[in-house]
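K.L.:
First, the structure itself, so that you have it in front of you.
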Amino acid sequence: MVGVPGRSKGCVTCRKRKKGCDLKQPECGQCKQRGIRCGGYDSDRMFVYQGPGYYHKHGASPSTSKMDRDTSMGTISFAQPIPVTHDAQMVAAEAASHLSIRKPTQPLVVSAFLQQCLMKSAYTQKSLETFIYLYMPDGDLKSTNVQGKDFVDILPMLCVRDQALQTALLAIGTAALARAEDDPVLVRQSRALYGQALHETAVALRNPKRVKSEAIFAIPRVMALFEILFGADGNTTSQANSWLSHAQGELALIVSWGPEAYAESDEAHLLFTNARFRPLIAAVRTRKASVLNEKRWKTLPWKGRVKSPDDRLLDILCAVPEILEAVDKVSSDEFKESWRQVLRTETLSKCWALHFKLEAWAETYASEIYTPAEINSTMPIYFPHIEIAWLTSRYWVTALLLYGAFDVLSGISPQTDTTLTRPDRPHPRSFARMISRSVSYFFQKEYGITGATAISFPLGNALLYMGKNMAVDKTYFGMVLQAWNDPLLPSAIRDFLNSMKRSVPPNSRAPTPTNRCGDGFTE
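Each number in my numbering comes from the position in the sequence shown (counting from 1) with 76 added on.
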């Protein structure tokens, strides 16, 4: 165990909440003032993972303690049994050199994987380490956003609580390893594990005690990620539909607890705030109002807590699916004209209310997002760092959806509109173009699945919008095409977007980038 200079000496609770701590004992002043339980002060322990070749380089020999676990990946040594604690840390000193994943340029600090979770076999350890490097290919925490960091950090604690989550993690880790080593046997094993995880999850959901465990809430995210990266090919709708079912299952789990439950513990609150976006993607995709737009779901989980910029942005996005549902009804001949006109007026009023909220949000958090100097330029957009890129892309897609619906309700057809401005509100085309210009940034290898999955939803909606008027936005489609054909882009992301495109109604579909000659796009 080693000390690390500069690490926070604050109480457990303040460190988890990433807040300053006054170090008062036996409980700190911040926790006492907020009326929350102070976790006390634990000494920070570090478990150092030595990759293969470490001892050779440093002229040392590995420990032969009974607690050691020697594997093809290296050795992890423990001086004593590991208690379940949020503060134990594991530092990866060197990545596995034989994996087709780049070595970290600096130590990767993540929560300690408990012995019973990781050390059962070299195979298990290798699979789960591969899963981590999906998020951080360079072993650099800067290569993922805060939600990715939080997710990787909390998983080790949760994975020992339920077999279903352990199996789901093993499935995706095995699938990632299979792809890295091009091993068809591992591919079959990953799918078998995936099926086993689905079965184990179904068993857990029927168990009143297990279904109330925070570990269960992490399963849909892992399973949905499996569908994105290793699901069926993009020539069918099955991949998108499977992903959608996981997102809807995640929403069902969220609702089953009730909003008050997510204010009771830091783990539950973190899982809720991390999970909220995916059910909203599903609601946008199905164009149906979401229960998450109810006031209680936007207030009670934050009792005694402060909302982040992302939390407040998602509060606005929560209202968008309801507007999209209303747009479809206004445009349908199934309803009487008089009723549709009333609904149109009501929905336009909601659009204006959301417009002012979104404008206020953008002004309040101007320093948290990026605005290019020229909105309608064709120059690629590169952000200061992934955190700003992630939040900005969510803002842009929220604006694109809102102002796109605004146009339809105002009688403006995207198929014939060639303008770039609106006299009283932003133009949706500007947001679609900025999303297209930023694709190459998110597809950089250093950002792993964080970048690719962060841009998938914004990109899908940008393609849908621009595909309705190719003559105007062909140049921006070309920018997407260039990134689309980049060999560094995981083919799984292309397949997933293709599957999502094929699963939307035909009249909403956009062309899909392709390698063919001609204009480079196909229906």
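Every residue gets a Cβ at the ideal spot worked out from N, C-alpha and C, and that includes glycine.
Computed from a predicted structure; not experimentally measured.
Can you name the start and end residues of the alpha helix (DSSP H) that P504 belongs to?
P.N.:
The residue labelled residue 504 in the question sits at position 428 within the sequence shown. Start and end: 504 to 518.
K.L.:
Would you tell me roughly how many angstroms separate the C-alpha atoms of G116 and P102, rounded to the nearest one?
P.N.:
To locate residue 116, count along the sequence shown from 1; it is residue 40. To locate residue 102, count along the sequence shown from 1; it is residue 26. Between G116 and P102, the C-alpha separation is close to 7 Å.
K.L.:
Return the Cβ separation of A276 and L234 in integer angstroms, given the expectation that the two are a contact with Cβ distance under 8 Å.
P.N.:
As a first step, residue 276 is located in the sequence shown; it is residue number 200 there, counting from the start. As a first step, residue 234 is located in the sequence shown; it is residue number 158 there, counting from the start. Checking the sequence shown, residue 276 turns out to be Glu, not Ala. Not confirmed; about 14 Å, so no contact.
K.L.:
Ordered along the chain, which non-local residues of its own chain (more than five positions away) have a Cβ less than 6 Å from that of L327?
P.N.:
Within the sequence shown, numbered from 1, the residue matching residue 327 stands at position 251. Around L327: P355.
K.L.:
When burial is assigned at 16 or more other CB atoms within 10 Å of the CB, is D98 buried or exposed?
P.N.:
Taking the first residue of the sequence shown as position 1, residue 98 is located at position 22. Label assigned to D98: exposed.
K.L.:
Considering only residues of the same chain and omitting the five flanking positions on each side of M510, which have a CB-CB separation below 8 Å?
P.N.:
Numbered from its first residue, the sequence shown carries residue 510 at position 434. Excluding residues within five positions, the ones whose Cβ falls inside 8 Å are P448, I451, I457, W472.
K.L.:
Taking only the alpha-carbon atoms, compute the straight-line gap between I399 and A365 and give it to the nearest angstrom.
P.N.:
If you number the sequence shown from 1, residue 399 lands on position 323. If you number the sequence shown from 1, residue 365 lands on position 289. Taking the straight line joining both Cα atoms gives about 8 Å.
K.L.:
Can L496 be considered in contact with the ligand ADP, in the sense that its beta carbon sits closer than 7 Å to one or more heavy atoms?
P.N.:
The ligand ADP is not part of the structure shown, which contains no ligands of any sort.
K.L.:
How many angstroms separate the CA atom of A247 from the CA atom of A268?
P.N.:
To locate residue 247, count along the sequence shown from 1; it is residue 171. To locate residue 268, count along the sequence shown from 1; it is residue 192. Rounded to the nearest angstrom, the two C-alpha atoms are 8 Å apart.
K.L.:
Just tell me which of A429, P460, L393, I462 has its CA closest to the CA of A475.
P.N.:
Here residue 475 is taken as the residue at index 399 of the sequence shown, counted from 1. Cα-wise, what sits closest to A475 is L393.
K.L.:
Rounding to the nearest angstrom, what Cα-Cα distance links L485 and E410 in this structure?
P.N.:
Position 409 of the sequence shown, counted from the start, is the residue given in the question as residue 485. Position 334 of the sequence shown, counted from the start, is the residue given in the question as residue 410. Those two C-alpha atoms are separated by around 17 Å.
K.L.:
I need the straight-line Cα distance from G96 to F306, nearest angstrom please.
P.N.:
The residue given as residue 96 occupies position 20 in the sequence shown. The residue given as residue 306 occupies position 230 in the sequence shown. One C-alpha to the other measures close to 41 Å.
K.L.:
Which class does R363 belong to by DSSP, given the choice of helix, strand or coil?
P.N.:
Along the sequence shown, read from residue 1 onward, the residue named residue 363 stands at position 287. Of the three classes helix, strand and coil, the one that applies to R363 here is coil, per DSSP.
K.L.:
Return the CA-CA distance between T250 and Q265, expressed in angstroms with no decimal places.
P.N.:
As a first step, residue 250 must be located in the sequence shown, where it is residue number 174. As a first step, residue 265 must be located in the sequence shown, where it is residue number 189. Approximately 7 Å, taken between the alpha carbons.
K.L.:
State the CB to CB distance for the pair A559 and S516, rounded to an integer number of angstroms; the pair is presumed to be in contact (CB under 8 Å).
P.N.:
For the purposes of this step, residue 559 is identified with residue 483 of the sequence shown, where counting begins at 1. For the purposes of this step, residue 516 is identified with residue 440 of the sequence shown, where counting begins at 1. Contact holds; Cβ gap of about 4 Å.
K.L.:
Tell me whether F533 sits in a helix, a strand or coil according to DSSP, three-state version.
P.N.:
For the purposes of this step, residue 533 is taken as residue 457 along the sequence shown, with counting starting at 1. If DSSP states are grouped into helix, strand and coil, F533 belongs with the helices.
K.L.:
A256 by DSSP, collapsed to three states: which one?
P.N.:
The sequence position of residue 256 within the sequence shown is 180, counting from 1. Helix.
K.L.:
Closer than 8 Å, CB to CB, is R255 near chain C or not?
P.N.:
In the structure shown, chain C does not exist; there is a single protein chain.
K.L.:
According to DSSP, is E370 part of a helix, a strand, or is it coil?
P.N.:
Looking up residue 370 in the sequence shown gives position 294. In the structure shown, E370 sits in coil (DSSP, three-state: anything other than H, G, I, E or B).
K.L.:
Mind checking E340: buried by the 16 CB within 10 Å criterion, or exposed?
P.N.:
Within the sequence shown, the letter at position 264 stands for residue 340. Classification for E340: exposed.
K.L.:
Would you mind reading off the limits of the alpha helix (DSSP H) that contains H431?
P.N.:
Within the sequence shown, numbered from 1, the residue matching residue 431 stands at position 355. Its alpha helix (DSSP H) spans residues 413 to 440.
K.L.:
Rounded C-beta distance between F302 and I330? I'm assuming under 8 Å.
P.N.:
For the purposes of this step, residue 302 is taken as residue 226 along the sequence shown, with counting starting at 1. For the purposes of this step, residue 330 is taken as residue 254 along the sequence shown, with counting starting at 1. The Cβ separation is near 20 Å, so there is no contact.
K.L.:
Can you tell which of N561, E439, Y209, A273 has the C-alpha that lies nearest to the C-alpha of R388?
P.N.:
Reading the sequence shown from its first residue, position 312 is the one you call residue 388. Nearest of N561, E439, Y209, A273 to R388, Cα basis: E439.
K.L.:
Check C104 in the structure and name its three-state DSSP category.
P.N.:
Here residue 104 is taken as the residue at index 28 of the sequence shown, counted from 1. If DSSP states are grouped into helix, strand and coil, C104 belongs with coil.
K.L.:
Look up I488 in the DSSP assignment and say whether it is helix, strand or coil.
P.N.:
Position 412 of the sequence shown, counted from the start, is the residue given in the question as residue 488. Three-state result, I488: coil.
K.L.:
Between the C-alpha atoms of T494 and S506, what's the straight-line distance to the nearest angstrom?
P.N.:
Taking the sequence shown and counting its residues from 1, the one referred to as residue 494 is at position 418. Taking the sequence shown and counting its residues from 1, the one referred to as residue 506 is at position 430. If I take the Cα positions, the gap works out to 12 Å.
K.L.:
Leaving out the 5 sequence neighbours to the left and right, which residues in its chain are closer than 6 Å to G105 when beta-carbon positions are compared?
P.N.:
For the purposes of this step, residue 105 is taken as the residue at position 29 of the sequence shown. Same-chain partners within the cutoff: D98.
K.L.:
Check this for me: beta carbons of Y541 and G480, under 8 Å apart or not?
P.N.:
Walking along the sequence shown from the start, residue 541 turns up at place 465. Walking along the sequence shown from the start, residue 480 turns up at place 404. Against a cut-off of 8 Å, the Cβ pair of G480 and Y541 comes out as a contact.
K.L.:
Answer with buried or exposed for T529, where buried requires no fewer than 16 other C-beta atoms within 10 angstroms of its C-beta.
P.N.:
Within the sequence shown, numbered from 1, the residue matching residue 529 stands at position 453. So T529 counts as buried.
K.L.:
Enumerate in chain order the residues of its own chain whose CB-to-CB distance from A244 is below 7 Å, with the five nearest sequence positions on each side excluded.
P.N.:
Counted from its first residue, the sequence shown places residue 244 at position 168. Only A273, I295, V298, M299 meet the Cβ criterion.
K.L.:
Going along the chain, which residues of its own chain have a beta-carbon closer than 8 Å to the beta-carbon of Q324, five neighbours each way excluded?
P.N.:
The residue labelled residue 324 in the question sits at position 248 within the sequence shown. Result list for Q324: P355, A358, in chain order.
K.L.:
Does DSSP classify D342 as helix, strand or coil?
P.N.:
The count along the sequence shown starts at 1 and reaches residue 342 at position 266. Helix, per DSSP.
K.L.:
Indicate whether C427 and L390 have their beta-carbon atoms separated by less than 8 Å.
P.N.:
Position 351 of the sequence shown, counted from the start, is the residue given in the question as residue 427. Position 314 of the sequence shown, counted from the start, is the residue given in the question as residue 390. The answer is no: Cβ separation not under 8 Å.
K.L.:
Pick from Y441, E413, A402: whose alpha carbon is nearest that of E422?
P.N.:
Taking the first residue of the sequence shown as position 1, residue 422 is located at position 346. Selected option, being the one with the closest Cα: A402.
K.L.:
Taking DSSP as the reference, what is the three-state secondary structure of D409?
P.N.:
One-based indexing of the sequence shown puts residue 409 at position 333. Looking at D409 - three-state DSSP - the assignment turns out to be coil, as it is neither helix nor strand.
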